[in-house]
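One structure below.
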Amino acid sequence: MELKTIAVIKKNQNYYRSDILSSRRKLLFSLLGLSSAMLLAGCGAESADGMQMQHTMSTQPSTTAVSQADLGNVPAPDLRLQDQNGKAVSLSQLKGKVVALTFWYTHCPDMCPLAAEKFRQVLSGLDHKKVEQIAVLAVSVDPANDTANSAQQFSQAHRLSSYANWHFLLGTQEQLQPVWKDYHIYTDAEKETPAQGQALNHMAIIYLIDRQGRERVMLPADFTPSQLSKNLESLLV
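Each residue of the sequence shown is one higher than the one before, counting from 1382 in the working numbering.
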């Protein structure tokens, strides 16, 4: 088969996959009862140090029952980034584990720390053997200001450091943008380089990926620990 023909086939396959993902994620937003804009985590009205910030979504827990939603079992796009300890982590190497994939930044004053505490609560409530089968990945949405040091501090502050499969994934703008695109993640950092400590609007949804590397569940930024726990337990079976 000629190289040109192969290139055309691959291009068509990419268009087909992109169309599936776009349609499916629109369906997901509908299932969650939210528009994509409302899935943004804009960090609270005012932080502890008095910094003024914009609300873009309610912090009230979602009542949507997403645990039964059929998300099509689309293969999750692979990613390869370094974590807070300098370890290279790829999604493909985590096949065999259930993966929770989300998007945070280390200086976030409310939504990201709140979500981190919920994750810790859920992990601490699960049997040790089950926890070993779960990987939690938080991809940076603030490459200009998220560093290994700030990610380590964030991990320690929220008592996630003790979990071997916890990874805060970091990178440059060029390394992170393809990941944001693959997972339809918006962040203010796409448009401008934020100052350190500046609040960012960003997508803080959670993808739950099964042992075969397929996207199965999407949770909103205001998920409840119960929602997360039940979905993880279901995927572990």
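Ideal Cβ placement from N, Cα and C applies to all residues, glycine included.
All of these numbers come straight from a predicted model, not from anything done at the bench.
Am I right that residue i and residue j are in contact with their C-beta atoms under 8 Å? What's the rounded C-beta distance?
i, j, result
"P1601", "I1586", "6 Å"
"P1490", "A1580", "7 Å"
"G1594", "A1457", "6 Å"
"L1536", "Q1465", "At residue 1536 the sequence reads Ser, which differs from the Leu that was named. Right, the Cβ-Cβ distance comes to about 6 Å (below 8 Å), so this counts as a contact."
"S1531", "H1488", "7 Å"
"L1462", "Q1556", "6 Å"
Can you grab the Cα-Cα spacing for the pair residue i / residue j, in whole Å?
i, j, result
"G1582", "Y1567", "The question names Gly, yet the displayed sequence has Asn at residue 1582. If I take the Cα positions, the gap works out to 8 Å."
"Q1558", "D1569", "12 Å"
"E1513", "K1562", "29 Å"
"T1553", "T1574", "12 Å"
"Q1494", "H1539", "The identity of residue 1494 in the sequence shown is Pro, whereas the question assumes Gln. P1494 and H1539: Cα-Cα distance of roughly 7 Å."
"G1506", "S1607", "11 Å"
"Y1588", "V1598", "6 Å"
"Q1360", "F1549", "Nothing can be reported for residue 1360: it is not among the residues displayed for the chain, which extend from 1382 to 1618."
"L1504", "W1547", "11 Å"
"L1541", "K1572", "30 Å"
"E1596", "K1476", "12 Å"
"K1499", "L1613", "13 Å"
"K1478", "M1492", "26 Å"
"G1467", "A1529", "7 Å"
"H1565", "D1508", "33 Å"
From the DSSP output, read off the bridge partner residues of residue i.
i, result
"T1483", "A1519"
"E1596", "I1590"
"H1548", "L1518"
"Q1463", "A1469 and L1551"
"P1456", "R1595"
Any heavy atom of the ligand PLP within a distance shorter than 8 Å of the CB on residue i?
i, result
"A1529", "Absence of the ligand PLP from the depicted structure is noted, as is the absence of any ligand whatsoever, leaving it without description."
### 3 or more residues per run - each beta strand (DSSP E) lying fully within the stretch 1565-1590
The stretch 1565-1590 is shown to contain whole beta strand (DSSP E) runs of 3 or more residues at 1582-1584 and 1587-1590, in chain order.
### Cβ contact check for the stretch 1479-1489 and the stretch 1504-1518: 3 or more pairs under 8 Å
Yes, the stretch 1479-1489 is in contact with the stretch 1504-1518.
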